[in-house]
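Trainee:
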Amino acid sequence: MSTANYISKTLLNPAKGGAVKPHLTGSRIRVLILDNYDSFTFNLYQYVGEILSENGGKFTLDVVRNDEITLEEIEKRKYDRIVISPGPGDPRDPKYFGVCADVLTKIGKTTPVLGVCLGMQGMAYYFRGSVARAQKPMHGKTSIIEHDGKGVFRGLPQKLEVMRYHSLIAEKETLPECLSITATSLDTGEIMGLRHKVYPIEGIQFHPESFATEGGKQLLANFLEK
Numbered sequence: 257m258s259t260a261n262y263i264s265k266t267l268l269n270p271a272k273g274g275a276v277k278p279h280l281t282g283s284r285i286r287v288l289i290l291d292n293y294d295s296f297t298f299n300l301y302q303y304v305g306e307i308l309s310e311n312g313g314k315f316t317l318d319v320v321r322n323d324e325i326t327l328e329e330i331e332k333r334k335y336d337r338i339v340i341s342p343g344p345g346d347p348r349d350p351k352y353f354g355v356c357a358d359v360l361t362k363i364g365k366t367t368p369v370l371g372v373c374l375g376m377q378g379m380a381y382y383f384r385g386s387v388a389r390a391q392k393p394m395h396g397k398t399s400i401i402e403h404d405g406k407g408v409f410r411g412l413p414q415k416l417e418v419m420r421y422h423s424l425i426a427e428k429e430t431l432p433e434c435l436s437i438t439a440t441s442l443d444t445g446e447i448m449g450l451r452h453k454v455y456p457i458e459g460i461q462f463h464p465e466s467f468a469t470e471g472g473k474q475l476l477a478n479f480l481e482k
């Protein structure tokens, strides 16, 4: 039985106001958030839902854990946008990344994908780059980043304060030719944004759903814009 309309238990959190609707239905745009077993997925869901509601029209918003849906099911549902959530694991280990690897390398050839935190690390790794330990763990710490003003960064101030929750990074030295750096942190010089040069795939190392990230909602709105 398909679980494509199932909200993961991460999102059924009484502390966040109780259970939310499993999906918001319609036909204008179809969005999937792949949940890598992370508590921040709830915040992403809220932001994306608010943006789609504010834009008017009908939409579908599904949230599914990374091991509760197959690539074939995702393809069948014909999503217009896919967000790969943060997560506590290592993208190099399939048990932490599930179907997300195939989404990046297969569906991502034609469907826009945004990788957040773990999602961006997976983007680097599955396009044959390397993931390494950050200079220091950045859990609940902010940095100023500088970006290229394109893609998801369109219309945002060139320098932004963003919230970081990670101990792994995409390694600059082994970054594959197919990926370009779109943002870096000014304090550590580490990669904070990536974009595929051919496919409609972007990644960000920081958390746009955090209240401490400047322009986070606009960044997500840029990604969702049809």
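In terms of the numbering used here, the sequence shown opens at residue 257 and continues consecutively. Quick reminder that beta carbons are idealized off the backbone N, C-alpha and C, glycines included. All of these numbers come straight from a predicted model, not from anything done at the bench.
Does the structure place the stretch 383 to 390 close enough to the stretch 421 to 430 that three or more beta carbon pairs sit under 8 Å?
Mentor: Yes, since at least three Cβ pairs between the stretch 421 to 430 and the stretch 383 to 390 fall closer than 8 Å, the two stretches touch.
Trainee: Nearest-angstrom Cα distance between residue 318 and residue 286?
Mentor: To locate residue 318, count along the sequence shown from 1; it is residue 62. To locate residue 286, count along the sequence shown from 1; it is residue 30. Distance between the alpha carbons of residue 318 and residue 286: 8 Å.
Trainee: Out of 402, 406, 410 and 328, state which residue places its alpha-carbon closest to the alpha-carbon of residue 416.
Mentor: Position 160 of the sequence shown holds residue 416. Of 402, 406, 410 and 328, the residue nearest in Cα terms is 402.
Trainee: Express the C-alpha separation of residue 469 and residue 333 in angstroms, rounding to a whole number.
Mentor: Translated into positions along the sequence shown, residue 333 becomes position 77. Translated into positions along the sequence shown, residue 469 becomes position 213. Rounded to whole angstroms, residue 333 to residue 469 spans 32 Å at the Cα level.
Trainee: CB residue 398 to CB residue 342, shorter than 9 Å?
Mentor: In the sequence shown, the residue the question calls residue 398 occupies position 142. In the sequence shown, the residue the question calls residue 342 occupies position 86. No, the Cβ-Cβ distance between residue 398 and residue 342 is not below 9 Å.
Trainee: Look at the alpha carbon of residue 421 and the alpha carbon of residue 446, and state the distance between them as a whole number of angstroms.
Mentor: Along the sequence shown, read from residue 1 onward, the residue named residue 421 stands at position 165. Along the sequence shown, read from residue 1 onward, the residue named residue 446 stands at position 190. Cα to Cα, residue 421 sits roughly 14 Å from residue 446.
Trainee: Any contact between the stretch 335 to 355 and the stretch 363 to 378? By contact I mean 3 or more CB pairs, one from each, below 8 Å.
Mentor: At 8 Å Cβ cutoff, the stretches touch.
Trainee: Just how far apart, CA to CA, sit residue 348 and residue 382?
Mentor: As a working mapping, residue 348 is identified with position 92 in the sequence shown. As a working mapping, residue 382 is identified with position 126 in the sequence shown. Going from the Cα of residue 348 to the Cα of residue 382 covers about 8 Å.
Trainee: Alpha helix (DSSP H) containing residue 391: first to last residue?
Mentor: If you number the sequence shown from 1, residue 391 lands on position 135. Note, residue 391: premise wrong, no alpha helix (DSSP H); beta strand (DSSP E) at 387 to 403.
Trainee: How would you label residue 465, buried or exposed, when you count the other beta carbons within 10 angstroms and need 16 or more for buried?
Mentor: Counting from 1 along the sequence shown, the entry for residue 465 is found at position 209. Answer is buried; the Cβ neighbour count reaches 16.
Trainee: Determine the closest residue to residue 201 out of 314, 292 and 315, with distance taken between C-alpha atoms.
Mentor: Past the edges of the chain, shown from 257 to 482, lies residue 201, and the structure says nothing about it.
Trainee: Mind checking which residues open and close the beta strand (DSSP E) that includes residue 297?
Mentor: The residue labelled residue 297 in the question sits at position 41 within the sequence shown. No beta strand (DSSP E) contains residue 297, which is instead part of the alpha helix (DSSP H) from 297 to 311.
Trainee: What is the DSSP secondary structure of residue 439, counted as helix, strand or coil?
Mentor: Here residue 439 is taken as the residue at index 183 of the sequence shown, counted from 1. Looking at residue 439 - three-state DSSP - the assignment turns out to be strand.
Trainee: Following the continuous beta strand (DSSP E) through residue 421, name the residue where it begins and the one where it ends.
Mentor: Your numbering for residue 421 matches position 165 in the sequence shown. Element bounds for residue 421: 415 to 426.
Trainee: Whose C-beta lies closer than 6 Å to the C-beta of residue 346 among residues of the same chain, with five residues either side of it excluded?
Mentor: The sequence position of residue 346 within the sequence shown is 90, counting from 1. Excluding positions up to five away in sequence, the list reads 352.
Trainee: Less than 9 Å separating the beta-carbons of residue 301 and residue 476?
Mentor: Sequence index remark: in the sequence shown, residue 301 carries index 45 (1-based). Sequence index remark: in the sequence shown, residue 476 carries index 220 (1-based). In this structure, residue 476 does not lie closer than 9 Å to residue 301 by Cβ.
Trainee: How many angstroms separate the CA atom of residue 423 from the CA atom of residue 459?
Mentor: Taking the first residue of the sequence shown as position 1, residue 423 is located at position 167. Taking the first residue of the sequence shown as position 1, residue 459 is located at position 203. Approximately 16 Å between the Cα atoms of the pair.
Trainee: Could you check whether residue 456 and residue 364 sit closer than 9 Å to each other, using their CB atoms as the reference points?
Mentor: Start at 1 with the first residue of the sequence shown, and residue 364 comes out as number 108. Start at 1 with the first residue of the sequence shown, and residue 456 comes out as number 200. Closer than 9 Å, so yes.
Trainee: Can you tell which of 438, 289, 320 and 463 has its C-alpha closest to the C-alpha of residue 452?
Mentor: Residue mapping note: residue 452 aligns to position 196 of the sequence shown, counting from 1. Of the listed residues, the one whose Cα sits closest to residue 452 is 438.
Trainee: Apart from the five residues just before and just after residue 299, which ones in its own chain have a Cβ nearer than 6 Å to its Cβ?
Mentor: For the purposes of this step, residue 299 is taken as residue 43 along the sequence shown, with counting starting at 1. Cβ within range, chain order: 465.
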